[in-house]
Each structure stands twice: as C-alpha cells, then as structure tokens.
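Have a look at the structure below before the remarks.
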Amino acid sequence: MYRSTLYLIAGWSGFFVMGIELLGGRLLAPYFGSSIYVWGAIITVFMLALSLGYLCGGRASLYAPSLRRLATILLAAALATLPVLLGGDALLERLSLTALDPRFGSLTAAGLLFFVPTFISGMVSPYAVRLLVADRISAGDGAGRLYFVSTFGSAAGTLLTSFYLVLYLEVNQILLLMLSVSALLGLLAWLRPATVAA
Amino acid sequence: MRAATPRRAIGAAAGLLSALLTVAAPAQQRLLHSEKSLYRDIFVYEDATTRCLCFTRQCVIGRQSCQDVKQPRRLVFEYTQMMLGALYLQPDPRSILIIGLGGGTLPRTLERLLPDADIDVVEIDPAVVRVAQQYFGFAPDAHVHVIEQDGRVYVNHAVHSGAHYQLIMLDAYEHQYIPEHLLTREFLGAVRSLLQPAGIVAANTFSSSRLYQNESVTYRSVFGEFYNLKSGNRIILAANGPLPSIAEATRNSRRFNAPFEELGFSAQALLARFGTHADWDPAARVLTDQYSPANLLNGSTP
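Going down the list, the sequences are from chains A and B.
Terminal number for the first sequence in the working numbering: 1155, no gaps in between.
Terminal number for the second sequence in the working numbering: 303, no gaps in between.
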C-alpha cells in the first residue's frame, strides 16, 4: 500500500508535468505564435526546471524523508501552477507586447509561468526513490521502477492531453482538473498514518 | 449477359488501376526544387502545363500554389479566384494584409489589379518566401512588403500599434495542418479590429469534416452573417459592419468582367457562387484560445 502510493505519486507527477507542458504550448501560441522557437523555449524551461528539481529533490531526501513531505512537494507543485490559471493571460499579453526579441520573449514567458511548478515536480522522483529503497542491493531496482512509472505517466499525460482532453475541455478546465487530482492525491498521502513505513 | 459481367468488372478494374497510376505518377512531372524548412518539406514540381509548390512529395495532396507555365497570370486554382470575390464587397482596397504567402499568387494578382494598393504579406516560413521569389516570380517592392513572422503575432502587434486595413486575406491553413491559434474567436476578433469600418476579410478554409461546423459558428460569432463560397475549398467573405448586399456585390462585380477574364475565369460565374445560407449546425462549439482542437476536428468526418 505504501509502495503503491509512492508509485502513484511519481506516475501522476510525470503525467502532470507533460500535461502542463503541452498546455503551455497552447497558452503561449496566441501571444508568441507556434513558431519552432516557442516550442524550443517551452521544452528548454521544462528540461532545465526538471534537472534542477531532481538535484534539489535528492538533496531534500537526506533530511528526515517521509511520505508526508513527499505529499507536501506534490501539493506545492499544484499550488505553484495556480498563477498560470489566474494571471497567465495578463502576463503573456504584457510580455508579448514589450519589444523583446520573440525568442527570448517566449523563453521569459515560459520561465515565469512554468519554471517553479516544474522544478517542484522534478523533486518528486528522487525523493520517492529514497522512500522506496530499503538497501543498496535493491537501489537500482527501486530507481528503475520509479523511473518507469514516472516516465510512463509522462507518456500517458502527453497522449491523453493531446489526443482527447483538448477535444472536450478548455485549457483552463484541464489545468483545474489536473490540479484537483494533485491536491486529492497529495491530501490522501498526507493523511496516511506514518507508521506503515516499509 | 452473365458472361459479360466479369469482363466488365475486369475492364472497370483496369480502368481504376490506370487512374490510380496516373495519380501516383503524373506524366513528366519534374522536381525543380526540394528542401526541408524549419516547418515543412517544400517541393516545386513542374509538368508540361503547370508549376506547383507542394508540401508533400509527388504533390499527391497538398498543392499549395500552382502557376500556368505558358500563361502565368491565369489563376489555376478555383480558390484563389474565389478569394478575389472579396473585391465585389470592397472593390478598391488601398491597404491589404495577406496572412500566408504560398507561391505568392494572391499578392501578385492583387498588385496587378490594384496598382495603388499597399500589400503586407505575413509568412512564417522564410524558406517559402525564398521559393516564391525564385520559382513563382513573387517580387516584393514599394507596394508589396513581406514580413516573416507568425500571423497571430503580427496581428497582435498591428492591433496594438493602431494599424488598419481595408482588406485582410487569411490563407494560412493547410489540409494536413492548421495553425490552431489562427482559427479562434480571439484571433478573428483581433483581425476584425484591424479592419477599417466596412473592411472585408476573406478566408480560405475547409469545406468538409467536423471542423466545418465549428469554423462556421466561430466566424459567425465574430462577424455575423457572411458569404460562403464553396467548391472543394471554402471561402468565407465577411465584413466589419453590415455585410454588403448581393445587389451591391453584383454592381461591383461588373467592373471586374474584363480583368478576371484575363485571369482565366468569369466574374459573373464567381458571383453566382455567393450565398449566405447557413448550412451548418448552429449548436456547434465555438473555437476559442481555450478550446481549439481544430486539427483533431479536421481529421474526423462530419
């Protein structure tokens, strides 16, 4: 049960990141177009944020790691996405009309909107590895399984968002839906009795 | 009787086969140019009669622009002829914006028809601009300017700087890929606010697939009633303000009898295509920046 919660959180976090990344393209297009550099800017921000998030998540797992703290990370990532919903358009409009070079304009926009939630999401996987792994022998196995669920979740998030969700829901509705799942999952994990630890 | 049937079937099959072969390998089609641009594959093919710009190999689908080799002024595609129907609603536009260059047929034709007009052409792909100049005789000059930019970004900035046009032509949609941010209520609203009072927008869009419904209600939500011209492609002609009457279009069309004849089509036959009948589902969902699955809708049957 404890392990499946960890896998679930890591898998969902992967889903969440890719869902936001695809919708990020949607959100930027009205202001910066769909030129190749707009996607370049978005992917750069996500990769950079994830890489730093991994680093930070690993460090954080050194200090009294717990499922409850992992749940807090998930909740924080969801919370950090709220500004996209609330003020995304206003920010994008202002940025796109200031005479920045379009490449750096879209890079700045993607950075301001998506760096923080993606960075926090990046912390999830290494932190979950620490909670999962009992000893050195099983470390590679545990990390492998965790990468699997997390990246599999990313694949699912990419496919579902781009093939189906955008056909039925508005961008902000999809964002809200994903925030709700994160909040629900985070709260469930947070409320679990800490004593069940493996 | 019974014996004749299979023979007839074989004959039909052979006919079908040869038809298929003709489509797959058009007679003496020469590849003049091919390149991979940032956005797509670009091919220029030429056969005995036409030279075409294509975004797919062999030009089986997706011919973007074609030019008659012997009479380059003649308009090969019916859709470009229908786009010129905009001139029946606004016969003498002084400022024109075209989004999507292709082979440059529209700006070339408009420049000849309206020597005093200023024409801005926005094209996202620098390679398309190069190819139009090299192979299709497109030549920017004092009256025709090319801006290499995303159409939406250009429109946003133009609105912000207070620019206005008397005629705007949207020709940026392809069959395989639609820039979805160029087919939303917000985008069309920005286009409308770029139009002078009584300015006209002409859009080359889609006549089949589920998208037809959504596209129709989206244009309707921004412009109200519009003229709907169909033949393979679909051209929407809409106005910023009341739509000019068919009587007015008829009056204006007369002055294009001779010039359109020179382009290889009849001005009055084009006029006969004008209609405002709403043959779509009014309950279809309006496309917005928040909801714009245009490509998914275009891929599904009506």
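Glycine residues also receive a C-beta, built at the ideal position from the N, C-alpha and C atoms.
Contact annotation: in the region 992 to 1006 of chain A, residues whose CB is within less than 7 Å of a CB in chain B are Ser992 and Ile993. At a C-beta separation below 9 Å, Phe989(A) has these neighbours in chain B: Asp151, Arg153 and Val154.
Here Tyr178(B) carries a coil assignment [DSSP, helix/strand/coil].
Counting only residues of its own chain and dropping the five nearest sequence neighbours on each side, Arg64(B) has a CB closer than 7 Å to the CB of Cys53 and Cys55. Under the 9 Å criterion on CB atoms, Phe188(B) is classed as interfacial with respect to chain A. Phe972(A) is positioned such that its CB atom lies no closer than 9 Å to that of Thr1075(A). The C-alpha of Val77(B) is placed about 6 Å away from the C-alpha of Cys67(B). Close to Leu1117(A), with beta-carbon spacing below 9 Å, lies no residue of chain B; the smallest spacing is near 13 Å. Remark: C-beta atoms of Asp280(B) and Asn229(B) approach each other more closely than 9 Å.
Under a 10 Å Cβ-count criterion, Arg252(B) is classified as exposed, with fewer than 16 other Cβ atoms of the shown protein chains found around its own Cβ. Of all residues in the region 1097 to 1110 of chain A, none comes within less than 7 Å of chain B when Cβ atoms are compared. Here the alpha carbon of Val1041(A) sits roughly 45 Å from the alpha carbon of Glu112(B).
Nearest in C-alpha terms to Tyr46(B), of all of Arg31(B), Ser209(B), Thr57(B) and Lys37(B), is Arg31(B). If you ignore the 5 residues before and after Gln82(B), its C-beta comes within less than 7 Å of the C-beta of Leu76, Phe266 and Leu271, all in its own chain and listed in chain order. By the beta-carbon neighbour count (other beta carbons within 10 angstroms, threshold 16), Glu124(B) is buried. Taking 8 Å as the Cβ-Cβ cut-off, the region 1048 to 1064 of chain A approaches chain B at Ser1053, Leu1054 and Pro1059, given in chain order.
Between the region 1044 to 1059 of chain A and the region 989 to 998 of chain A there are three or more inter-stretch CB-CB distances shorter than 8 Å, so the stretches are counted as touching. For Leu32(B), the enclosing beta strand (DSSP E) has its first and last residue at Arg31 to Lys37. In this model, Trp1147(A) and Phe1109(A) are separated by some 24 Å (Cα to Cα).
In the structure shown, Leu288(B) adopts coil according to DSSP, grouped into three states. Beta-bridge partners of Met170(B) (DSSP): Ile99(B) and Ala203(B). Residue environment for Ser301(B): exposed (fewer than 16 other C-beta atoms within 10 angstroms of its C-beta). Taken through DSSP and simplified to helix, strand or coil, Ile125(B) comes out as coil. Minimum Cα-Cα distance from Gly163(B) among the listed residues Ala191(B), His176(B) and Leu39(B) corresponds to Ala191(B).
Three or more beta-carbon pairs separated by less than 8 Å are not found between the region 283 to 301 of chain B and the region 190 to 205 of chain B, which leaves the two stretches without contact. In this structure, the alpha-carbon of Pro1083(A) lies about 19 Å from that of Met958(A).
Boundaries for Tyr1020(A): no alpha helix (DSSP H) harbours it, and the DSSP string shows neither H nor E there. Under the three-state reduction of DSSP, Tyr40(B) is assigned to coil, being neither helix nor strand. Closest option to Glu187(B), judged by alpha-carbon separation, among Arg109(B), Phe44(B) and Thr219(B): Thr219(B).
Judged by DSSP in its simplified three-state form, Pro108(B) adopts helix. Per DSSP, Tyr1084(A) is one residue of the alpha helix (DSSP H) stretching across Pro1059 to Leu1089. Tyr292(B) sits away from Val1106(A), with the two beta carbons spaced by 9 Å or more. The C-beta of Phe1120(A) comes closer than 9 Å to at least one C-beta of chain B. Nearest C-alpha to Arg235(B) among Ser208(B), Pro243(B), Asn215(B) and Pro245(B): Ser208(B). Residue contact with chain A for Asn229(B): absent (no Cβ-Cβ distance below 9 Å to any residue of chain A).
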